[in-house]
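Data first, discussion second: the structure below is written as structure tokens.
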Amino acid sequence: MTALPSPKDEMWRYADRTALAEVWDALSPPEMLQIAAHNEVQQIWQPSGEEIEIRRATITLEKGARLSLYALNSASRYGRIELDVKLHEGADFAFDAANIGGGSATLEIVTTVRHVEPAANSRQSVRTVLGGTATGSYAGQVAVARDAQHTTSEQDIKAMLLDRGATANAKPELEIYADDVACAHGATVGELDPVQLYYAAMRGLPPEEAKALLLEGFVGGLWDALGPDSPISVEAREQLRAMTR
């Protein structure tokens, strides 16, 4: 067995090392995805149903290329999505993803987005909903090279905890060497708003239904472009409703 990544490595800090050890030697290398110049691609990553699921990709967007990636990370034991993205001049990368889990699941989204040429855009929106003693993490670095002027980048990270035993971690990071950029990041962790639940109850909604609707609103906006009946939207909605029962 080859050595597992060190827990001192921030990108693997919260990993379920027992689960990782079970699949490490059989783990496939990252998928290689190259989007040709001025092409536009949409991808949807849904869970396979395996209790341990790790998906990794190395992505290159050539000049003027666009990629919209939608992902749901909800393995019942350990799920990890890992991206390394390189953006050339005028490229556009949008990543909308969710960690949804209960029990003792560990769910991670880890991204590195490299702006290597001017005028590229990246946007990452990640929502996490956790129950039981589940742990959900986001670690994301945006690196802007010295020549990558006029870069625009945003990381919007939010987590919702349904039980006191659940834990959310967020580490958005900017490494900027250019001086004419617009880059921002934000991370919040909270609970369902009791005032909203109260007003829902006043309108006759059962508590479970009210919680489910609030959670669907919290997560569902990620995939508005796909429509409410898209498979990823339906699967997320079913999982959220199961967590409120």
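Mapping to the working numbering: the sequence shown position 22 is 22, numbers consecutive.
For glycine and all other residues, C-beta sits at the position ideal for the given N, C-alpha and C.
Taking C-beta separations shorter than 6 Å and ignoring five residues to either side along the sequence, the partners of residue 200 in its chain run 210, following chain order.
Bridge pairing for residue 127: 98, 158 [DSSP]. Taking C-beta separations shorter than 6 Å and ignoring five residues to either side along the sequence, the partners of residue 171 in its chain run 139, following chain order. According to DSSP, residue pairing for residue 231 in a beta bridge does not occur. Of the residues 97, 73, 178, 60, the one whose Cα lies closest to the Cα of residue 118 is 178.
Of 150, 125, 14, the smallest CA-CA separation from residue 80 is found for 14.
Under the 8 Å Cβ criterion, the segment 18-26 does not count as touching the segment 144-160, having fewer than three qualifying pairs. Only residues of its own chain outside the window of five on either side were considered, and among them 213 have a CB closer than 8 Å to the CB of residue 205, listed in chain order.
The beta carbons of residue 129 and residue 240 sit about 6 Å from each other, so the pair counts as a contact at 8 Å. About 5 Å separates the beta carbon of residue 35 from that of residue 61, a gap short enough to meet the 8 Å contact definition. For residue 196, the enclosing alpha helix (DSSP H) has its first and last residue at 194-202.
Linking residue 66 to residue 202 through their CA atoms gives a straight-line distance of about 46 Å. Only residues of its own chain outside the window of five on either side were considered, and among them 63, 117, 118, 119, 120 have a CB closer than 7 Å to the CB of residue 89, listed in chain order.
Judged by DSSP in its simplified three-state form, residue 219 adopts helix. Per DSSP, reduced to three states, the secondary structure at residue 18 is helical. Sorting 147, 166, 187 by C-alpha distance to the C-alpha of residue 124 places 187 at the top. One Cα belongs to residue 69, the other to residue 195, and the distance between them is close to 34 Å. Annotation: the continuous beta strand (DSSP E) that includes residue 43 extends over 40-45. With a cutoff of 9 Å on beta-carbon distance, residue 97 and residue 126 are scored as near each other. About 4 Å separates the beta carbon of residue 181 from that of residue 151, a gap short enough to meet the 8 Å contact definition.
Residue 243 sits away from residue 52, with the two beta carbons spaced by 9 Å or more.
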